[in-house]
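Participant: So the sequences go chain by chain: A and B.
If you use our numbering, the first sequence closes out at 465, no skipped numbers anywhere.
If you use our numbering, the second sequence closes out at 201, no skipped numbers anywhere.
Just so you know, even glycine gets a beta-carbon here, dropped at the ideal spot from N, CA and C.
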Amino acid sequence: MAKTLFDKVWDAHVVKQLEGNIDVLYIDRHLIHEVTSPQAFAELENRNLPLFRKDQMVATPDHNVPTENQHLPIKDALSKHQVDTLIENCEKFNVELYGLGHPFQGIVHVIGPELGVTLPGRTMVCGDSHTSTHGAFGAIAFGIGTSQVAQVMASQCLLQTRPKTMRITVNGELPTGVLAKDIILYIIAQLTAAGGTGYFVEYAGSAIESLSMEARMTICNMSIEMGARGGMIAPDQTTFDYIEGREFAPQGEEFEKAVAYWKTLKTDEGASFDKEYTYEAADIAPMITYGTNPGMGIKISGNVPDKLGEGSQDSFRKSLDYMGFNPGESLLGKEVNWVFIGSCTNSRIEDLRIVADYVKGKRKADGVNAMIVPGSKQVEKQAIAEGLDKVLTEAGFVLREPGCSACLGMNEDKVPAGEYCVSTSNRNFEGRQGPGARTLLASPLVAAITAVEGKIVDISKHLN
Amino acid sequence: MEKFSRIVSTAVPLPNEDVDTDQIIPARFLKATSREGFGDNLFRDWRYNNDNTAKADFVLNNPTYSGQVLVAGRNFGCGSSREHAAWALFDYGFRVVVSSFFADIFKGNALGNGLLPVQVSDEYLAALIAAVKADPETEVTVELQAQTISFNGNEASFEVNAYKKECMLNGYDDIDYLVSIKDEIEAFEASAITI
Chain A
2 MAKTLFDKVW DAHVVKQLEG NIDVLYIDRH LIHEVTSPQA FAELENRNLP
52 LFRKDQMVAT PDHNVPTENQ HLPIKDALSK HQVDTLIENC EKFNVELYGL
102 GHPFQGIVHV IGPELGVTLP GRTMVCGDSH TSTHGAFGAI AFGIGTSQVA
152 QVMASQCLLQ TRPKTMRITV NGELPTGVLA KDIILYIIAQ LTAAGGTGYF
202 VEYAGSAIES LSMEARMTIC NMSIEMGARG GMIAPDQTTF DYIEGREFAP
252 QGEEFEKAVA YWKTLKTDEG ASFDKEYTYE AADIAPMITY GTNPGMGIKI
302 SGNVPDKLGE GSQDSFRKSL DYMGFNPGES LLGKEVNWVF IGSCTNSRIE
352 DLRIVADYVK GKRKADGVNA MIVPGSKQVE KQAIAEGLDK VLTEAGFVLR
402 EPGCSACLGM NEDKVPAGEY CVSTSNRNFE GRQGPGARTL LASPLVAAIT
452 AVEGKIVDIS KHLN
Chain B
7 MEKFSRIVST AVPLPNEDVD TDQIIPARFL KATSREGFGD NLFRDWRYNN
57 DNTAKADFVL NNPTYSGQVL VAGRNFGCGS SREHAAWALF DYGFRVVVSS
107 FFADIFKGNA LGNGLLPVQV SDEYLAALIA AVKADPETEV TVELQAQTIS
157 FNGNEASFEV NAYKKECMLN GYDDIDYLVS IKDEIEAFEA SAITI
């Protein structure tokens, strides 16, 4: 029978099936960080359970770490306690930890792929909803709660109902200035923040196939923002080329064998999905969000809608009140004081190159705080090797050290109440970047141009 | 996990749609290393001003409404996978959340923590919110065994996975079961694709 990519990977990991349509799903790799793991380690200890497969875990602190002076002790006592707890737990349970200062440290969803831990056909989980990122390699990867983190620690398995499948096809060539972030913001704006709930998504079509691995990760990363547990893209030569030679990837003959297997990981002709959507790349333009969920996105040169097509108008008005926008208005010309380039969505070397390429020889507008936070130590190192740090500094950007940073404002990196921030992150929820902060999600290119102009502009008139 | 069988309680209406887990418990309150005490910061930024005084217009600060049942707008619990959202609701005292649609990860987290997500139709949800607003003493009855919810004689059934239902009725956690099938998991590992 013709199978989807999702079916192939899922079926290869079912240990057994239980009544009530529940599968015992085997998990190949488990990523952990300081925020959602302490209670899971405590649960193992309370139940006197050993860690089942410590070698299939990767640990790093990211959510709560400062992005300045990482060589110094963490100032915030609670953050320090949480990061210290991760260190203690990893020592106690003998888990490999890429702590602060380690050359592999970074945002979990950035380091997994760059270390070759993320591979096609694998199942991967993490106590973080953006685990969907790893699906860019043709892995089944999804976020879990802390109780499930404990379950994977204790058994390397999870009890899961099989999600429905959705295919989103994007055909054609992307217009100039349109990046992967615009594709996914466009899709979420079409499907709403709940449109993918209950589904696992496969992204396909010539526009997706033409993307780099970094760009594919940006797309899969935001699958959760339409409610989907995960997103996947069939592995191809772009994928294999990215993986080859990475630290923990198969090497030599093993790599060749792996590639032969990975080539089978694609949706068979005639396989059916529970839902299908098709879009034309030519219809996609640079995007920006105007509201308080990622489904509230518009073309940057478009207008805020007068009302929502479906859903509560009260929630719509509350959202616009929070953002300080009016129904029907254009965002062009709105002053912006903060620009954040970072997060598991857009903090990879390619994102930094896009920003550096645009701002080279330019200067950020006065009054704009432009923060750029690389996703990992390896990204930071590469950026410095390419001289991007100098370009960015000369343009008035501040290059920080790796972490989740102002995406969720757990550390000191926050946007003040009432201020607008054009952000390359994934969530524009109320207070996400700090209490009262107003977030506008956009691509790294839109963010870079906004920093230089100090306001929202129609970027088609500003491309290099 | 605490056992759940039947709840009879007044309800708290929160009709907002797309309530994300950052609203339920903002990230800056996720620094704890234990599961307890998150209820104090439930809906923190909707509930309190920056100077920690209560916002009078938020429903949790309105003494008219109380109870173990939260009645919320559609797509409740979207966003981050933080289980702290379910812990915060439970710690505050809620045992049931009623909505017309739940985000996946939140739903799973709630079921694993003795907090029952009850999904009803948009019409039923609207009627329930209207009833609670008209009379805050309105009692809502939720029966897990029968999978029914009712108020003022208006009954509806809801779905819950059979396995999860057994776990909630008996207070079992998934981890108990998974550890019990260790031999089968090891046998699977021996036969599985190892790339």
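Looking at the strands, I want to know which residues DSSP matches up with D358/A.
Facilitator: D358/A pairs with nothing; no bridge assigned.
Participant: Taking the continuous beta strand (DSSP E) assigned at T119/A, which residues delimit it?
Facilitator: First-last for T119/A: undefined, no H or E at that position.
Participant: Please confirm whether R54/A and Q157/A have their CB atoms less than 9 Å apart.
Facilitator: Against a cut-off of 9 Å, the Cβ pair of Q157/A and R54/A comes out as a contact.
Participant: Given that F96/B touches chain A, what residues does it touch there, using C-beta distances under 8 Å?
Facilitator: Chain A residues near F96/B: none, gap ~12 Å exceeds 8 Å.
Participant: Please report the residue range of the alpha helix (DSSP H) in which I31/B lies.
Facilitator: Segment: none, I31/B is in no alpha helix (DSSP H) and carries neither H nor E.
Participant: Are any of the Cβ atoms in chain A nearer than 9 Å to that of S156/B?
Facilitator: S156/B does not count as touching chain A.
Participant: Quick one, which of D358/A, A407/A and G397/A has its alpha-carbon nearest K365/A's?
Facilitator: Nearest C-alpha to K365/A: G397/A.
Participant: 9 Å is my cut-off, CB to CB: does L409/A come that close to chain B?
Facilitator: Yes - at least one Cβ of chain B is within 9 Å of the one on L409/A.
Participant: I want to verify the contact list: residues of chain B whose CB lies under 7 Å from the CB of N47/A, in sequence order.
Facilitator: Correct list: empty, because the minimum Cβ distance to chain B is about 11 Å.
Participant: Going by beta carbon distance, what residues of the same chain come within less than 7 Å of T37/A, once the five residues before and after it are set aside?
Facilitator: The residues are G128, D129, T147 and V150.
Participant: Who are I342/A's beta bridge partners in DSSP?
Facilitator: Note: I342/A sits in a beta bridge opposite I373/A.
Participant: Please name the residues in the region 18-41 of chain A whose beta-carbon is closer than 8 Å to at least one beta-carbon of chain B, in chain order.
Facilitator: Correct list: L19, E20, G21, N22, I23, V25, Y27, V36, T37, P39 and Q40.
Participant: Is there at least one Cβ from chain B nearer than 9 Å to G135/A's Cβ?
Facilitator: Note on residue identity: the sequence assigns His, not Gly, to residue 135/A. No, its Cβ sits nowhere closer than 9 Å to a Cβ of chain B.
Participant: Determine the DSSP secondary structure at T147/B, reduced to helix, strand or coil.
Facilitator: Of the three classes helix, strand and coil, the one that applies to T147/B here is strand, per DSSP.
Participant: Among all the DSSP beta bridges, which residues are the ones paired with I289/A?
Facilitator: Paired residues: I299/A.
Participant: Assign N327/A to one of two classes, buried (16 or more other C-beta atoms within 10 Å of its C-beta) or exposed (fewer than that).
Facilitator: Exposed.
Participant: Out of curiosity, what's the CA-to-CA distance linking G329/A and G435/A?
Facilitator: Distance between the alpha carbons of G329/A and G435/A is about 27 Å.
Participant: Work out the CA separation of E174/A and S186/B for me, nearest whole Å.
Facilitator: Between S186/B and E174/A, the C-alpha separation is close to 52 Å.
Participant: If we ignore side chains and look at the alpha-carbon of each, how far apart do Q314/A and S331/A end up?
Facilitator: Answer to the nearest angstrom: the Cα atoms are 19 Å apart.
Participant: Return helix, strand or coil for I33/A, following the three-state DSSP convention.
Facilitator: It is a strand residue.
Participant: Measure from the alpha carbon of A195/A to the alpha carbon of each residue in E210/A, M223/A and S211/A, then state which is nearest.
Facilitator: Comparing Cα-Cα distances from A195/A to each of E210/A, M223/A and S211/A, the minimum goes to M223/A.
Participant: Helix, strand or coil: which one does DSSP assign to G432/A?
Facilitator: G432/A: coil per DSSP, three-state reduction.
Participant: Over what stretch of residues does the beta strand (DSSP E) that includes K17/A continue unbroken?
Facilitator: That run of the beta strand (DSSP E) goes V15 to L19.
Participant: Short of 7 Å in beta carbon distance, which residues of its chain neighbour T5/A, apart from the five on each side in sequence? Order them along the chain.
Facilitator: Closer than 7 Å at Cβ, skipping near neighbours: T166, E203, T268, A272 and F274.
Participant: First and last residue of the beta strand (DSSP E) that includes I169/A?
Facilitator: K165 to N172 is the span of the beta strand (DSSP E), which, as asked, contains I169/A.
Participant: Report yes or no: is there a C-beta of chain A within less than 9 Å of the C-beta of Q153/B?
Facilitator: No, because no Cβ of chain A sits closer than 9 Å to the Cβ of Q153/B.
Participant: Just the C-alpha distance for S320/A and G178/A, rounded to the nearest angstrom, thanks.
Facilitator: Their Cα atoms are separated by approximately 28 Å.
Participant: Just to confirm before moving on: does the CB-CB distance between G177/B and D97/B stay below 9 Å?
Facilitator: No, Cβ-Cβ distance for G177/B and D97/B is not below 9 Å.
Participant: Strictly below 7 Å CB to CB, what residues from chain B border A194/A?
Facilitator: D24, N81 and C84, listed in chain order.
Participant: Counting only beta-carbon separations shorter than 9 Å, does E190/B have a partner in chain A?
Facilitator: Chain A contact via Cβ: present.
Participant: Would you kindly report the start and end of the unbroken beta strand (DSSP E) that includes A142/A?
Facilitator: Residues I141 to G144.
Participant: Answer with buried or exposed for I199/B, where buried requires no fewer than 16 other C-beta atoms within 10 angstroms of its C-beta.
Facilitator: By the 10 Å Cβ count, I199/B comes out exposed.
Participant: Grab the span of the beta strand (DSSP E) containing K276/A for me, first residue to last.
Facilitator: Element bounds for K276/A: K276 to E281.
Participant: Under a three-way DSSP split, which group does P114/A fall into?
Facilitator: It is helical.
Participant: Any beta carbon of chain B sitting closer than 9 Å to that of S344/A?
Facilitator: Answer no: the Cβ-Cβ gap between S344/A and chain B never drops below 9 Å.
Participant: Are V146/B and V77/B close, meaning C-beta to C-beta below 9 Å?
Facilitator: Cβ distance < 9 Å, so V146/B and V77/B count as in contact.
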